[in-house]
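Before any comments, here is the structure.
Protein chains: 4
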Amino acid sequence: MIDVALFGAGRIGTIHAGNLARDAGARLKYVVDPNAKAAQALAERHGAQVATVAQVFADRAVGVVLICSSTDTHADLIKAAAEAGKQIFCEKPVDLDLARARACAETVKKAGVTCLIGFQRRYDPTFSALKARIQKGEIGTPEMLVVTSRDPGAPPIPYIRSSGGIFKDMLIHDFDIFRWILDDEAETVHANASCLVDPAIAETGDADCTAVTIRTKRGRLCQINTSRRAAYGYDQRFEVLGSEGMLQAGNHATEVVASTASAVSRDLPEHFFLERYRAAYANEMAHFFAVLAGREKLRTTIDDGVAALALADAATTSWKEGRIVRLG
Amino acid sequence: MIDVALFGAGRIGTIHAGNLARDAGARLKYVVDPNAKAAQALAERHGAQVATVAQVFADRAVGVVLICSSTDTHADLIKAAAEAGKQIFCEKPVDLDLARARACAETVKKAGVTCLIGFQRRYDPTFSALKARIQKGEIGTPEMLVVTSRDPGAPPIPYIRSSGGIFKDMLIHDFDIFRWILDDEAETVHANASCLVDPAIAETGDADCTAVTIRTKRGRLCQINTSRRAAYGYDQRFEVLGSEGMLQAGNHATEVVASTASAVSRDLPEHFFLERYRAAYANEMAHFFAVLAGREKLRTTIDDGVAALALADAATTSWKEGRIVRLG
Amino acid sequence: MIDVALFGAGRIGTIHAGNLARDAGARLKYVVDPNAKAAQALAERHGAQVATVAQVFADRAVGVVLICSSTDTHADLIKAAAEAGKQIFCEKPVDLDLARARACAETVKKAGVTCLIGFQRRYDPTFSALKARIQKGEIGTPEMLVVTSRDPGAPPIPYIRSSGGIFKDMLIHDFDIFRWILDDEAETVHANASCLVDPAIAETGDADCTAVTIRTKRGRLCQINTSRRAAYGYDQRFEVLGSEGMLQAGNHATEVVASTASAVSRDLPEHFFLERYRAAYANEMAHFFAVLAGREKLRTTIDDGVAALALADAATTSWKEGRIVRLG
Amino acid sequence: MIDVALFGAGRIGTIHAGNLARDAGARLKYVVDPNAKAAQALAERHGAQVATVAQVFADRAVGVVLICSSTDTHADLIKAAAEAGKQIFCEKPVDLDLARARACAETVKKAGVTCLIGFQRRYDPTFSALKARIQKGEIGTPEMLVVTSRDPGAPPIPYIRSSGGIFKDMLIHDFDIFRWILDDEAETVHANASCLVDPAIAETGDADCTAVTIRTKRGRLCQINTSRRAAYGYDQRFEVLGSEGMLQAGNHATEVVASTASAVSRDLPEHFFLERYRAAYANEMAHFFAVLAGREKLRTTIDDGVAALALADAATTSWKEGRIVRLG
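Here it is in structure tokens:
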């Protein structure tokens, strides 16, 4: 029975703790959170105890840490955990600073621990089925990718201010989808962006709608369109054109179709990421423990985290400087 | 912490035991099954012990029994459990014999225990969303119902022989859907049936395709079409026409769409009921414990089990005697 | 250049006249209608002249007649046309009386003229594509057919009174679909019907919702559900289950999908038959002239008209007498 | 009765001649084509006569010319026709050279004649329904547009060589869609392109896959992705995200759904533009004559032709020079 410590008792930490509970081989021992009340509530629910960061790292019985705390704590916790020889499950991003993220990746590699970065979309049943079908050759060679990624609404302005900007905060997932689906690396990035949803976002120096084009080293093309506002809910789709066909991944909903005097309609997509990726989060946690048990190969590494961040940096530069950015 | 005993360590018992494990307020204490190996394996997985029927009923600490054993044991176990004051979760059908089923229902009522009959379809997310929308009046007054219910393949002949016939074995679920969706009772039943899949089924006196028409006491019409063979998988759909529109419930699959030189295609529906109703089984178990906790009102009672059986009997008579059967 | 006479300048006659105009090898010479104004308007539009029945039959140059007048005139006009050696395009039904319809068929055969009965659904692009795919064996042997056929609203009561009843007026098309798609004949018919839309229809002795089950001579099963009211428009779908799969034919609309805060929606199906079968009517007329030119084999004969009527009669009897009717 | 002369008896000329035939108020008088056989065949089919360019312009009775000849003849024919006071229907593009196209537009305006440029997509039933719904405000303010435009296969290399490049030959339609749907003008254009389908295309200096981003003067974003190869047929879709929702326009096909052991599938989209835009071409011609009759306002003007060409020029420059191009 592996003992697990959880950093962060917020929404995403709560989800991961719940998924952990279904895994026979692990036990939530500690919950750490500056919000004592949230930590206490979550700990009680799972028969765990509230602890400090120091207590966690002092306990040799803790084999695994789940880092679900705020972004600015990720790098330090990863380093501390790696140096303590603990296995790491860390929410994205590794860090908002590319150099720090790279340093983290170094530490992890030196320590030889497992470090899963939580790009949960790769574990979504629809997306992973699509990926498997590309790998089986169903559409020949993938050539073009179109990613649509839209939030139901913009986050509060203070969140925006500390988010690192839309490319690091929101598109980092899309950059990971790009690398995963095309199995290729970016050669150039062009990003345009606009503020159409809320002028207060522009005032922070950020944008709320983006249009990104990536050309890969093998000459493939990828377009990403994002918006902070989709009136109809969380919109997460992508399509891959290959030499022999196309695969499209759509949103989830019930299979109810209503025909009334006004229209033939289906349900809206799930409201936001916690609902949309419910199954993905469960699969991700199961995968993490399967990796620790030696049954599966780690699917989203800290290198993936670094690569997505590098793309976010390049896109930000492209937009701010109005030019095409070439990646190393 | 309620102690639970499970009768039946087969496929469906295994599913219910798994769903039970996620429920904080209950603990699987006993597993009972003539197949000692299966009982042992399942018990071990959940930290339970193998027991006999007698041991279960002798243990006053057992507050709940899950009856997932073979159909011919249901009635006796329900009676014994009811008389022992235990709460009951029983797979459909109550019994193949209508009189026995009615006697069971009597015993349950006298004992005053909860007895959920496992019509799991009512707990399917798509189906229950549809039902809720009817209740909100989205399509006005429901007037016609068309139910499509097809298995991916016929069961083995020995199973068919002891199944009570296609109307009791397969359509009993559809009869329950009919009662639930139209919220009405049958006045007349007409059933036709044919053997188109496998002549060996005809030799047992059974059919493998059916076409049933029910007219309700309020003059509404329902048609059910079923087959033991759908080459494309388990097909479970229905549509309700109301005075102001129509609601249709479809099959589940991923949201991948493939466009190749031959077609634009989606995934097949789930293979069979264990896959199709995975979420429904989980919801059903959660509902059962919510009922025991007094938070919800029992949604599928033993009376529902009796009523569906009465329809199956009437349909069998209609088909065998080539006439329209009037219900009491 | 074949000279054509048209009986009936109503909605359907107007459509056929328009489709005729695009056919290079024919010329509308006469329009006959008791409504002089309608006849005049349509004649002018196509450079034709208004005439009487007698004038049409007296003109030897007229090679083709299109019978689009009221149902009660069909039989007499068919007979007169056949005896005059003219080629016949006649709207369904041949007649409301089965004996008269059979006599008509006799006359047509004796005369050796072509007589197309306007079951236009067989010429619908979606329906005929489906039929062609059955014939290519895409779903193996067809075994079950489910037909959904719903009007947007009930016709006026006077129309209902002279319509011959819902089975002859509305389901006659569905009976033809049944024969065409399953390529089989009925052995027994069971029909139930109800009056749920408008009680005034019940007062005429008719119903507005029906549920029909047909068993074919080869043991196949067909279910037809119809209603005089679909709030969402004209609903014309059917599905065929075969030994190796299923084919479904749906309604037509634009390919616009709207996602708003309330739903993901598509357009309603076409409003009614004139819109829904626009392409079918054009294809039907083109087919008729292709038959006359010897390029195609007649697809909907007067025998098809008689057979559908016989089914409508049997269904009416089944409903009125509450019994299963066996066909000869 | 207006007399019409047609330049070009190829595929598209043949379609326009056919649509013209259904229009009561016009008569095809002349067909002009260097290919005498093609001209003769088409003329015969419509009771017209073969003529030379000079003969057409010498005949004052000719009120309308349809220019469906090769691209390099468009500008001269437009000028000649405008100066002769004839109404003009001209296939896109006006010319491959922007300066010449602008000069043409000048001449047309001076002459005061009608000049419809054949951006037929605006007349597609699905696309025009979508546009009408934007105008009604169904999705609030349009903010982002994603256009997918893929051909079933690349044209022959000689065609590519004289096509003006993929941006002028293929994307010119997409640029028109962009202007029409967003009702806005480009501020900057970024285009990337790649040669993934056929290396012989790269040898001509052209590409076969493109990814374009346009930012409008009002800060809206548009992405266009195109390919010369879609294994599944001609793929013509676009989607508009607005402040209150999204509208998507899809491909056309029959409404047959097939469920077999391998998949649930729909028909492929129409093969190519002649099939896909059959209805659009008919609507376009009807619109042209409605404009001439004063009943409608011209929907695709020579200025639209010039503007799309300017975008194609900018995109070509962006791609060739690897930079973002600002429009005047």
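Chains as they are written, first to last, in this note's numbering: chain D, 339 to 666; chain C, 339 to 666; chain H, 339 to 666; chain Z, 339 to 666.
The beta-carbon is built from N, C-alpha and C at its ideal position, and this holds for glycine as well.
Since the structure is predicted, the reported quantities are computational estimates derived from the model, not experimental observations.
The beta-bridge partner set that DSSP reports for Z/Pro480 consists of Z/Gly580.
Among the residues of chain C, those whose CB is under 8 Å from the CB of Z/Val602 are Tyr570, Ala591, Ser603, Arg604, Asp605, Leu606 and Pro607, following chain order. Counting only the Cα atoms, Z/Gly491 lies some 8 Å from Z/Gly571. At a cut-off of 8 Å, the C-beta of D/Ile340 has no neighbouring C-beta in chain C.
Interface residue (Cβ-Cβ distance to chain D less than 8 Å): Z/Met508 is not classified as such. Comparing alpha carbon positions, the residue from Z/Leu358, Z/Cys560 and Z/Lys375 closest to Z/Leu483 is Z/Cys560.
The Cβ of D/Val485 sits no closer than 8 Å to any Cβ of chain C. Boundaries of the beta strand (DSSP E) around H/Leu344: Ile340 to Phe345.
Put simply, the region 411-419 of chain H does not touch the region 609-622 of chain H. Fewer than three CB pairs are less than 8 Å apart.
Chain Z has a Cβ within less than 8 Å of the Cβ of C/Ser597. Listed by position along chain Z, the residues whose Cβ is nearer than 9 Å to that of D/Ile662 are His528, Asn530, Gly660, Arg661 and Ile662. Along the region 545-556 of chain H, going in chain order, the ones with a CB nearer than 7 Å to a CB of chain C are Cys547, Ala549, Thr551 and Arg553.
Within the same chain, Cβ atoms closer than 7 Å to the Cβ of H/Ala596 are found at Ser603, the five residues on either side in sequence being excluded. Beta-bridge pairing by DSSP links C/Arg575 to C/Thr486. Taking all protein chains shown into account, Z/Gly502 has 16 or more neighbouring C-beta atoms within 10 Å of its C-beta and is therefore buried. Across the set Z/Leu415, Z/Arg567, Z/Glu476 and Z/Arg517, the C-alpha of Z/Arg567 shows the shortest separation from the C-alpha of Z/His609.
Distance from the CA of H/Ser487 to the CA of H/Leu509, rounded to the nearest whole angstrom, comes to 8 Å. For a cut-off of 8 Å, the C-beta gap from D/Gly583 to D/Ile477 is around 4 Å, short enough to register as a contact. Between Z/Ile477 and chain H, the shortest Cβ-Cβ separation is below 8 Å.
With a minimum length of 4 residues, the unbroken runs of alpha helix (DSSP H) contained wholly in the region 465-539 of chain C fall at 495-499, 504-507 and 509-520. D/Tyr368: not part of any alpha helix (DSSP H); member of the beta strand (DSSP E) spanning Ala364 to Val370, first to last residue.
Spatial neighbours of D/Val451 in its own chain (CB-CB distance under 8 Å, excluding positions within 5 residues in sequence) are listed in chain order as Ala419, Ala420, Gly423, Lys424, Gln425 and Ile426. With its beta carbon at least 8 Å from every one in chain Z, D/Asn373 lies outside the interface. Excluding the 5 residues flanking it on each side, C/Val400 has same chain C-beta neighbours closer than 8 Å at Asp341, Val342, Ala343, Lys367, Tyr368, Val394 and Lys424, in chain order. Exposed is the label assigned to Z/Asn373, since fewer than 16 other Cβ atoms lie within 10 Å of its Cβ. Of the residues H/Val388, H/Pro480 and H/Val403, the one whose Cα lies closest to the Cα of H/Arg558 is H/Pro480. Nearest to D/Asp462 by alpha-carbon distance, out of D/Val644, D/Met623, D/Glu659 and D/Phe627, is D/Met623. Taking 8 Å as the Cβ-Cβ cut-off, the region 439-463 of chain C approaches chain D at Pro463, given in chain order. The contact set of C/Glu582 on chain H, defined by CB atoms closer than 7 Å, consists of Ala569 in chain order. Under the three-state reduction of DSSP, D/Gly450 is assigned to coil, being neither helix nor strand. With a cutoff of 8 Å on beta-carbon distance, C/Val663 and C/Ala652 are scored as near each other. Contacts between C/Met482 and chain H, judged by CB atoms closer than 7 Å, involve Cys547, Asn563 and Ser565 in chain order. According to the DSSP assignment, D/Arg383 belongs to the alpha helix (DSSP H) that extends over Ala374 to Arg383. Short of 6 Å from the beta carbon of D/Asp489, and not among the five residues preceding or following it, lie these beta carbons of its own chain, in chain order: Arg566.
At a cut-off of 8 Å, the C-beta of C/Leu468 has no neighbouring C-beta in chain H. According to the DSSP assignment, D/Gln393 belongs to the alpha helix (DSSP H) that extends over Val391 to Ala396.
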